[in-house]
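For any residue, its number in our numbering is found by taking its place in the sequence shown, counting from 1, and adding 182.
Note that beta-carbon positions come from the ideal geometry of N, C-alpha and C, so glycine has one too.
One structure is given below, encoded as structure tokens.
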Amino acid sequence: VLPVGCVELCQGDGDVGRCLVAHPDIAMVAMTGSSATGRRIMEACSSSLKRLVLELGGKDPMVIFADSDLDTAAEDAVTWSLYNCGQVCCGIERVYIEDSVKADFE
């Protein structure tokens, strides 16, 4: 269990984000979103060397090898690409399949 105040979550538009990133009491910023917004946040954090974690773009691959359980892989490919209507930062967006099992997977 984390101490009270250790992690704070805040949602809002760009104005809210700009205020949070610029505030001197904010020690670290984490953001999931577009590369363009991430670039602006990184620039704003750089002047004070504020700690920063960015997850940008979200092009998450699924890799399927010959020794994979193909039934489970097929089910997971569909489930996790459509989970929450695809609006998940770790949603599968592309699938790479080893050539030797491609026909069996399809």
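In DSSP terms, what residue i is bridged to
i	result
glutamate 237	Thr214
valine 245	Tyr278
Beta-carbon gap between residue i and residue j smaller than 7 Å
i	j	result
isoleucine 223	isoleucine 246	no
valine 211	valine 203	yes
serine 282	alanine 255	no
leucine 252	phenylalanine 287	yes
proline 243	arginine 276	yes
Rounded Cβ spacing between residue i and residue j (contact assumed at less than 8 Å)
i	j	result
lysine 241	alanine 209	Not confirmed; about 30 Å, so no contact.
leucine 238	serine 217	5 Å
alanine 259	isoleucine 274	6 Å
Buried/exposed call for residue i, threshold 16 Cβ in 10 Å
i	result
cysteine 227	buried
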